[in-house]
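Visitor: Positions -27 to -1, 1 to 79 (mature numbering (1 follows the signal peptide of the UniProt record, and there is no 0)) are the ones given, in order, by the sequence shown. We put the CB at the ideal spot given by N, CA and C, even for glycine. Every value quoted in this text rests on a predicted model; they were computed, and no experiment measured them. Attaching a single structure in structure tokens format; questions to follow.
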Amino acid sequence: MERKLIKVLFLFICVIMALVCRHRSEAQETKVSPNDNCLRSILSVKGCFNAVKAAFGGDIKGLTKDCCHVVNGLAEGCFPVVFPGTPFTRLLVKAVCTEAYGKGNY
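Right, dumping it as structure tokens:
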């Protein structure tokens, strides 16, 4: 009887853990409306998408003034969509653009 109870409790704990691990909190959800053209916006400037990706490797020469303008104009919810796995994209680009073009000049 005790062995059966342990198995049932173990199964119950496994189910609870699976549900907890699968649950996504509201803070993790990416909320981008279908009207936001996140990718289209950044692709409108030739080479901008690749320039931002290259900036994470230290190559910042591709971040043109137009690219800086587009990236800094993206809605907050676009960043996890366009650049998944890179939560500090906006901060990096803003720092590089401010250094290169001056604050507010892009």
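Where does Gly75 land, buried or exposed, given buried means 16+ other C-beta within 10 angstroms?
Guide: With fewer than 16 Cβ atoms within 10 Å of its Cβ, Gly75 is classed as exposed.
Visitor: Would you say Val18 and Asp39 are within 8 Å of each other, going by their C-beta atoms?
Guide: Yes, the Cβ-Cβ distance between Val18 and Asp39 is below 8 Å.
Visitor: Does the distance from the CB of Val55 to the CB of Cys21 come in under 8 Å?
Guide: No.
Visitor: Along the chain, where does the alpha helix (DSSP H) that runs through Asp39 open and close?
Guide: 38 to 46
Visitor: Output yes or no for whether 8 Å exceeds the beta carbon distance between Leu36 and Ala24.
Guide: yes
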